[in-house]
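Quick mapping for you: the protein sequence lines, in order, are chains P and U. In this text, residue positions in the first sequence follow this note's numbering: the first is 1, and each later residue adds one. In this text, residue positions in the second sequence follow this note's numbering: the first is 334, and each later residue adds one. Take a look at the structure set out below.
2 protein chains.
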Amino acid sequence: MSSQPEPGAEPGSGRPDVLVHRLPSFALPFLALLCDHFTVLDPCTDSPDEPAHAFLARRAGLTRALVCVGPIPLPADTLRLLPSLRLVVATTTGVDKIDLRECRQRGIAVTNAGTTFAEDVADYAVALLLDVLRRMSTADRYVREGSWLKNGDHPLGFKLRGKQVGIVGLGNIGSHVAKRLQPFGCDIAYNSRSKKPSFPYRYHASVHDLAANSDVLILCCTLTEETRHVIDREVMTVLEDRGVIINVGRGGLIDEKELVQFLMRGELGGAGLDVFEDEPNMPKELLGLDNVVLSPHSAALTPESFEALGELTVSNLKAFFSNQPLSCLVQGE
Amino acid sequence: MSSQPEPGAEPGSGRPDVLVHRLPSFALPFLALLCDHFTVLDPCTDSPDEPAHAFLARRAGLTRALVCVGPIPLPADTLRLLPSLRLVVATTTGVDKIDLRECRQRGIAVTNAGTTFAEDVADYAVALLLDVLRRMSTADRYVREGSWLKNGDHPLGFKLRGKQVGIVGLGNIGSHVAKRLQPFGCDIAYNSRSKKPSFPYRYHASVHDLAANSDVLILCCTLTEETRHVIDREVMTVLEDRGVIINVGRGGLIDEKELVQFLMRGELGGAGLDVFEDEPNMPKELLGLDNVVLSPHSAALTPESFEALGELTVSNLKAFFSNQPLSCLVQGE
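Written as structure tokens, this is what we have:
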């Protein structure tokens, strides 16, 4: 009945330990798949009443691999409770909440979700843009509250054809966004660290310059020290009062306090926001604005992408325990 | 100071009469442009307290051209009050509310909005599909009512890639929808009166057959005697419980009572509806459903498309009064 021990199994156990690092509210959608192959340690379910650090100190001293679920912080303090750790498998594309410097110093490899979510996020960015420009979510509220019957026509939205769309970050997500927007007749330009000659779109060396030539900015880049608050007061000013900002990257890309002021004063046309600086909190003022579409960090989330993510995670953990090469490496050991 | 009379002007006046036929709640967005060229008769503003038929009988006996604004009925009874009428310029693409038989018998030419709205409607169809599949409008409501903070994650939507999308009516709008959905990785098929070999998509000779092979149906056809309730109980049954219906055509294409039942019983996955059988009324049950996106017949409406429509309308009226050929002729004299 006993199966062959997995390669890399801890002595005395059939399967290697894998620590799941998550917020209690954030379930791992492919937990069953993980349990098929590994002994899963999960402080949230194994010992919900014990402080996480106590559980880690007591139980995870020999743990060599950790799955970091969703956008939960993984700071140096937590990493120091895991002296044997050699691999962090992030289930997200962005790894800005993981202390990469500590990992580098400790020789801990870090992998991310790679391109698993790129198409879904790109779809969502286009959906947010359509929603803001054509006022779908406000129209749906308008109909549901009976205003169509009572007050007649809903205010008009705007046409997509001819809109100058500036994409900030022409990576996996940004390039999918561009490809999707072309048949709508949008005119695409972009900013990225360097010009990408394989794409036919106009390049701007600065976000400010891109914004000055755009009706719409779509944020698809990662959050780093350099990109934090890349959308600041100056960028919003040059976008002007018809300008629209779509954010499917990270909340920290935008100076959120300034954004709220610009939207409330009508100095920006609208925004479609899937991410916020302090999720799930957000500035209360946003909740009352009709020129904003709000979304609970859902761009990447479809059952189909979770399935692909489960396969990638298990395959990377198996590779690690068999000393095989890792996929989607953000930084090596 | 007096300008040259327009060709075709009524005797004694500088400009030919044009009758505006509209609902009081439905303003003509390019009225000023019309007034630049014609003497506009508008019962709603010229004589708001008089019954429309009395105004027409009294004032419009010599009127040769009528602009039919939005989806207002133009029945034989009304047409009979206008013995000199020779042209109906519809501002819509669909002319199902105009008595075309009476027009034909009387030798009244009818023009429509042609392709003016095709791209905006196609954009909106894609927006509705993205909204239903990725649950944007419900997500926006979820965030605004504080549920993200209180209850955590919003239910997942579905991926676009790989979805079998069936387009009912591959005309101006349908073909624009298809072109837009290709980069999302959707697999396109269609039904229309006849196969269109210039398009690379799979053809199904019946809507029932198309539905049986589709995850999504997008209704882009005109409403005629043949297409009324083309989406009936049988079609909804073969779409199955994950199936989605998007309607940017006319409400009468769907058996709305059946649709409500299917949606409430969870026997359809969802619907995105811009049009309804008895606008602006709709079945109350729809207002409470979360798998439905509701829109107040807005697909065609952007300031940019209204501007183009104004130009088309004036150009057709000028052509008529100069005995020049008409554009967008639905049926000739």
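Virtual Cβ for every residue (Gly too), placed ideally from N, Cα, C.
Classify HIS386 of chain U as buried or exposed, calling it buried when 16 or more other Cβ atoms lie within 10 Å of its own Cβ. For HIS386 of chain U, the number of other beta carbons within 10 angstroms of its own is below 16, and it is reported as exposed.
Contacts around LEU412 of chain U, its chain only, beta-carbon distance under 6 Å, and the 5 residues preceding and following it disregarded: Sequence-distant Cβ neighbours of LEU412 of chain U in its own chain, meaning closer than 6 Å and more than five residues away, are GLU435.
List the residues of chain U that HIS154 of chain P touches, going by C-beta distances under 7 Å, in chain order. What HIS154 of chain P touches in chain U: PRO629 and SER631.
Is DSSP giving CYS328 of chain P helix, strand or coil here? Coil.
Given a cut-off of 8 Å, decide if ASP464 of chain U and ASP131 of chain P are closer than it, judged by their beta-carbon atoms. A contact, by the Cβ cut-off of 8 Å.
Is the shortest distance between the beta-carbon of ASP473 of chain U and the beta-carbons of chain P less than 8 Å? The beta carbon of ASP473 of chain U falls within 8 Å of a beta carbon belonging to chain P, placing the residue at that interface.
Could you give the first and the last residue of the continuous alpha helix (DSSP H) run that contains HIS509 of chain U? For HIS509 of chain U, the enclosing alpha helix (DSSP H) starts and ends at 505 to 514.
Count Cβ pairs between the region 198 to 206 of chain P and the region 134 to 150 of chain P that sit closer than 8 Å; are there 3 or more? Inter-segment contact for the region 198 to 206 of chain P and the region 134 to 150 of chain P is absent: fewer than three beta-carbon pairs are separated by less than 8 Å.
Under 8 Å, do GLY332 of chain P and ALA109 of chain P count as touching if we go by C-beta distance? Yes. Within cutoff.
Give me the subset of the region 98 to 118 of chain P whose CB atoms are less than 9 Å from a CB atom of chain U, sorted by chain position. Taking a C-beta cut-off of 9 Å against chain U, none of the residues of the region 98 to 118 of chain P qualify.
Is it buried or exposed, LYS159 of chain P, if we count other Cβ atoms within 10 angstroms and call 16 or more buried? Its Cβ being crowded by 16 or more others within 10 Å, LYS159 of chain P is buried.
Going by DSSP, what residue range makes up the alpha helix (DSSP H) through ASP456 of chain U? From DSSP, the alpha helix (DSSP H) with ASP456 of chain U extends over 451 to 467.
Do you know whose CA, among P:ASP187, P:LYS179, P:CYS186 and P:ILE188, lies nearest GLY518 of chain U's CA? Among P:ASP187, P:LYS179, P:CYS186 and P:ILE188, the Cα nearest to that of GLY518 of chain U belongs to P:LYS179.
Which class does THR91 of chain P belong to by DSSP, given the choice of helix, strand or coil? Of the three classes helix, strand and coil, the one that applies to THR91 of chain P here is coil, per DSSP.
Please report the residue range of the alpha helix (DSSP H) in which LEU317 of chain P lies. Residues 303 to 321.
Within the 8 Å Cβ cut-off, does THR313 of chain P reach chain U? Taking Cβ atoms only, chain U never reaches closer than 8 Å to THR313 of chain P, which makes this a no.
Whether VAL577 of chain U touches GLY602 of chain U by CB criterion (8 Å): Yes, Cβ-Cβ distance for VAL577 of chain U and GLY602 of chain U is below 8 Å.
Quick check: what's the CA-CA separation for SER175 of chain P versus SER198 of chain P? Distance between the alpha carbons of SER175 of chain P and SER198 of chain P: 11 Å.
So, under 8 Å CB-CB, ARG265 of chain P and LEU223 of chain P are touching, yes? Tell me the CB distance rounded to an integer number of Å. With 8 Å as the limit, ARG265 of chain P and LEU223 of chain P do not qualify as a contact, their Cβ atoms being about 26 Å apart.
Of all the CB atoms in chain A, is at least one closer than 8 Å to the CB of PRO613 of chain U? Among the protein chains in the structure shown, which are P and U, there is no chain A.
Measure the C-alpha to C-alpha separation of SER84 of chain P and GLU311 of chain P and round it to an integer number of angstroms. Near 25 Å, if we compare the C-alpha coordinates of GLU311 of chain P and SER84 of chain P.
Can you name the start and end residues of the alpha helix (DSSP H) that THR396 of chain U belongs to? In this chain, THR396 of chain U is not harboured by any alpha helix (DSSP H), its DSSP state being neither H nor E.
DSSP state of TYR534 of chain U, grouped into three classes? In the structure shown, TYR534 of chain U sits in coil (DSSP, three-state: anything other than H, G, I, E or B).
Cβ contact (3+ pairs, closer than 8 Å) linking the region 353 to 370 of chain U and the region 119 to 128 of chain P: When Cβ pairs closer than 8 Å are counted between the two stretches, the region 353 to 370 of chain U is seen not to touch the region 119 to 128 of chain P, the count staying below three.
If ILE506 of chain U sits next to TYR523 of chain U, beta carbons under 8 Å apart, how far is it from one beta carbon to the other, in whole angstroms? A Cβ-Cβ separation of about 12 Å leaves ILE506 of chain U out of contact with TYR523 of chain U under the 8 Å criterion.
Please tell me whether GLY347 of chain U has its Cβ less than 8 Å away from any Cβ of chain P. Chain P contact via Cβ: absent.
Along chain P, in chain order, which residues have C-beta atoms closer than 8 Å to that of LYS496 of chain U? None at all; the shortest Cβ gap to chain P is about 10 Å.
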